[in-house]
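Since the structure comes first, as structure tokens, the remarks are kept for the end.
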RNA sequence: GCGCCCAUAGCUCAGCUGGAUAGAGCAGCGGACUUCUAAUCCGCAGGUCGCAGGUUCGAAUCCUGCUGGGCGUGCCA
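Residue numbers (this note's numbering): 15 to 665.
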């Protein structure tokens with residue numbers, strides 16, 4: 015049962031027959047801001063007072079006359095300017111708690127009206143190893159998938175793999191010209207990744223080599239303009255702004271040139287790479303040709319693509335397994351290839367798209383630039399594929415909602431995509447771009463290695479697990495009764511803790527904001543971290559072990575009893591699990607659940623500090639506290655599971 | 001140029017469709033292990049919520065302008 019939802023329903027019902035806009039008033043029922051104001055509060059009276067031209071406290075009193083909260087609440091109080099404070103009756107909490115003991119769903123009732131959600135997440139490029147940039151989409155998408163499913167919705171997880179783009183052209187070119195046969199036979203994925211990196215590097219080299227003279231000319235120009243006399247005090251606002259922009263552009267260009275010169279230098283001084291530079295064709299064009307050949311059904315490229323794919327997918331599967339992430343489908347871009355010409359024709363026939371400058375475009379009133387669905391050279395783009403994907407998903411699953419868990423830089427693309435879909439007639443589906451921010455390094459810049467590459471996901475996980483292992487070992491060695499974990503257990507714990515730390519760090523931040531990635535912070539194992547929650551769980555399991563009790567057997571109890579205020583606070587927090595899940599789903603923000611779990615664990619630790627469980631003064635109190643412990647443990651384990659994070663018995 | 005996003009304590013972040021005295025965690029200072037794991041708990045200190053207006057009984061939250069930052073912007077994904 016969702017208490018907040020219940021209170022809102024009761025309140026709205028009590029308003030029937032009154033001249034009020036009840037839809038806007040539901041939100042005035044809220045959790046209390048401060049424990050002194052009770053458990054929940056209704057803030058409707060102040061707003062209504064104005065409309066009714068009556069003093070707010072009198073309005074509050076009138077509302078209370080109609081409100082029937084039965085056995086749920088103590089008599090409500092009117093406070094301050096007209097707040098209505100609600101306090102749950104402790105006997106009601108006690109009854110609910112005993113009911114929870116037998117409820118495998120921890121009070122979360124399946125939704126009355128299940129919807130179908132397609133969730134598009136992770137979507138890496140199969141041609142290159144996953145890196146830090148893929149964490150957020152994968153982890154957030156997986157959490158939403160789990161939570162929506164738990165709430166009773168029909169969920170379809172679809173990993174929209176990038177298996178058809180230019181990156182594959184690079185691999186094809188690299189394989190044909192630079193492959194090391196022995197390495198490929200030995201470990202195809204590593205060799206393909208090497209080839210991708212190599213070709214990518216060479217293309218960058220060519221581009222930079224070509225552009226450098228032009229950039230330098232441009233920089234000289236900017237420097238010259240900068241050197242011109244400029245009187246700050248005499249300039250108007252616009253001139254000052256232009257001046258600053260000039261400086262910015264100059265600095266950026268300087269940095270670009272510096273970086274380019276460094277990487278050109280690096281390529282030329284790398285004996286293995288430098289030897290390839292002679293007689294190198296225009297690689298970018300060559301790669302595009304390979305890509306085009308693949309798309310046009312060239313048997314050789316097709317055969318190679320088909321032989322590469324299983325290896326690439328197996329490598330991805332390995333990392334997904336380690337992360338504990340799964341999908342129902344993995345329809346990559348290639349899956350839609352055959353549908354594209356037809357789709358574009360359909361768009362033209364519908365009058366949605368038209369020819370412009372040789373390309374086929376969809377124009378929108380609300381955007382300056384169109385969405386191009388077929389290039390001048392006849393090739394299709396990811397926008398085309400994305401439209402075909404909507405087409406397919408609508409026909410196949412008839413979803414009510416499609417979620418795209420993709421970083422915020424693509425927001426304009428999705429705005430156009432959704433507008434185009436509506437033009438195609440898909441108006442009865444909710445298309446949502448679940449955008450998220452960038453993972454930053456501790457310098458506040460996007461998280462990169464020193465050489466400027468994206469940090470590989472695998473090495474990220476390894477490092478987190480390595481650090482977690484050290485902490486686990488140190489802590490175990492320091493236990494009063496001596497170490498109690500075998501090395502095998504320590505390794506298992508380190509894996510769960512390390513990976514959990516990374517996922518939790520990501521999920522505990524609001525998805526739309528950029529966040530700073532810091533091993534020290536997420537493995538500090540203090541504060542709002544996965545470890546703190548896992549530790550609470552382990553402590554609970556330890557209590558049951560100490561008392562030689564089965565932690566999973568229902569605690570027999572007729573009447574729940576409490577003594578310290580913290581016990582009631584902890585109990586109430588347990589009852590609010592459904593609210594936390596509802597909050598997550600309302601805006602697709604998993605950090606609402608991490609916040610809830612942190613608060614739960616925090617209350618548990620306070621309780622643990624103040625209250626003896628096994629040595630409680632009476633058997634009834636002991637059973638009551640054991641019930642609390644068991645429910646906290648179950649809620650933490652379930653909550654973490656819904657975030658894709660595991661727990662351990664001991665740590 | 002245009003569009004989107006952001007600015008909250010020294011640092012990293014919350015603040016739920018406007019609500020009562022803006023909250024955590026780190027870092028700092030001071031306490032609590034003969035007692036179910038001190039990976040914990042308690043206390044102290046720390047904020048003109050970027051700036052200026054406006055709407056409102058009430059604004060960190062909504063509107064306008066400004067400042068500072070990030071991202072995107074016709075044939076990459």
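Cβ atoms here follow ideal geometry from the backbone N, Cα and C, with glycine treated the same way.
**Other residues of its chain near residue 417: CB distance less than 8 Å, five sequence neighbours each side excluded** = Here the set comprises 131, 132, 133, 134, 135, 155, 158, 446, 448 and 602.
**Prompt:** If we ignore side chains and look at the alpha-carbon of each, how far apart do residue 4 and residue 477 end up?
**Reply:** A question about residue 4 goes unanswered here, because the residues of the chain that appear run from 15 up to 665.
**Prompt:** How would you label residue 310, buried or exposed, when you count the other beta carbons within 10 angstroms and need 16 or more for buried?
**Reply:** So residue 310 ends up on the exposed side.
**Asked** Which first and last residues belong to the beta strand (DSSP E) in which residue 420 is found?
**Response** For residue 420, the enclosing beta strand (DSSP E) stretches over residues 415-421.
**Expected contact under 8 Å - CB spacing of residue 137 and residue 194 to nearest Å** = Your pair residue 137 and residue 194 does not check out as a contact, with CB atoms roughly 30 Å apart and the cut at 8 Å.
**Request:** List the DSSP bridge partners of residue 460.
**Result:** Answer is 454.
**Asked** Should the segment 102-110 be called in touch with the segment 573-589, which here means at least 3 C-beta pairs below 8 Å?
**Response** Short answer: they touch.
**Asked** What residue range is occupied by the uninterrupted beta strand (DSSP E) comprising residue 231?
**Response** That residue, residue 231, is in no beta strand (DSSP E); its alpha helix (DSSP H) goes 202-241.
**Local Cβ density within 10 Å of residue 286, reported as buried at 16 or more and exposed below that** = In summary, residue 286 is exposed, with fewer than 16 beta-carbon neighbours lying within 10 Å of its beta-carbon over all protein chains present.
**Message:** Taking the beta carbon of residue 640 as the centre, do at least 16 other beta carbons fall within 10 Å, making it buried, or is it exposed?
**Reply:** Residue 640 should be labelled buried.
**Request:** Please determine, among 628, 515 and 496, the residue with the shortest C-alpha to C-alpha distance to residue 657.
**Result:** Closest option to residue 657, Cα to Cα, is 515.
**Request:** Ignore the nearest five residues each way along the sequence and tell me which others in residue 207's own chain have a CB closer than 7 Å to its CB.
**Result:** Within the same chain, residue 207 has close Cβ partners 142 and 143.
**Item:** Local conformation of residue 489 per DSSP, three classes
**Value:** Helix at residue 489.
**Item:** residue 271 - containing beta strand (DSSP E), residue span
**Value:** Segment 251-283 is the alpha helix (DSSP H) holding residue 271; no beta strand (DSSP E) there.
**Beta-carbon spacing of residue 507, residue 486 below 7 Å** = Yes.
**Asked** Any chance the segment 620-629 sits against the segment 527-543, with 3 or more Cβ pairs inside 8 Å?
**Response** Judged by Cβ distances under 8 Å, the segment 620-629 makes no contact with the segment 527-543, as fewer than three pairs qualify.
**Request:** Taking residue 396 as the reference, give the member of 482, 563, 346 and 368 with the closest Cα.
**Result:** The candidate whose alpha carbon is nearest that of residue 396 is 346.
**Prompt:** Between the C-alpha atoms of residue 145 and residue 52, what's the straight-line distance to the nearest angstrom?
**Reply:** Going from the Cα of residue 145 to the Cα of residue 52 covers about 47 Å.
**Prompt:** Are at least three pairs of beta-carbons, each pair with one atom in the segment 56-64 and one in the segment 109-129, less than 8 Å apart?
**Reply:** As far as the Cβ criterion goes, the segment 56-64 does not touch the segment 109-129, which means the pair count is below three.
**Asked** Does the beta-carbon of residue 576 have 16 or more other beta-carbons within 10 angstroms, so that it is buried, or is it exposed?
**Response** In this structure residue 576 is buried. Its beta-carbon is surrounded by 16 or more other beta-carbon atoms within 10 angstroms.
**Request:** State the start and end residues of the unbroken alpha helix (DSSP H) segment that holds residue 322.
**Result:** In the DSSP assignment, residue 322 falls within the alpha helix (DSSP H) that extends over 313-337.
**Asked** Is residue 297 near residue 220, with beta carbons less than 7 Å apart?
**Response** It is a contact, given that the beta carbons lie within the stated cut-off.
**Asked** Is the number of C-beta pairs between the segment 411-431 and the segment 457-470 that are closer than 8 Å three or more?
**Response** Contact between the segment 411-431 and the segment 457-470 is absent, with fewer than three C-beta pairs closer than 8 Å.
**Item:** Spatial neighbours of residue 393 in its chain, beta-carbon cut-off 8 Å, leaving aside the 5 residues before and after
**Value:** If we look at residue 393 and ignore the five residues flanking it on each side, its Cβ neighbours are 306 and 309.
**Prompt:** When you compare only the Cα positions, how much space is there between residue 454 and residue 364?
**Reply:** The alpha-carbon atoms of residue 454 and residue 364 are separated by roughly 44 Å.
**Item:** Length of the line joining the Cα atoms of residue 633 and residue 574
**Value:** When rounded, the distance between both Cα atoms is 11 Å.
**Request:** Measure the CB-CB distance between residue 607 and residue 653 and report whether it falls below 7 Å.
**Result:** With contacts defined as CB atoms closer than 7 Å, residue 607 and residue 653 qualify as a contacting pair.
**Residue of 153, 230 and 389 minimising C-alpha distance to residue 334** = For residue 334, the nearest C-alpha among the options comes from 153.
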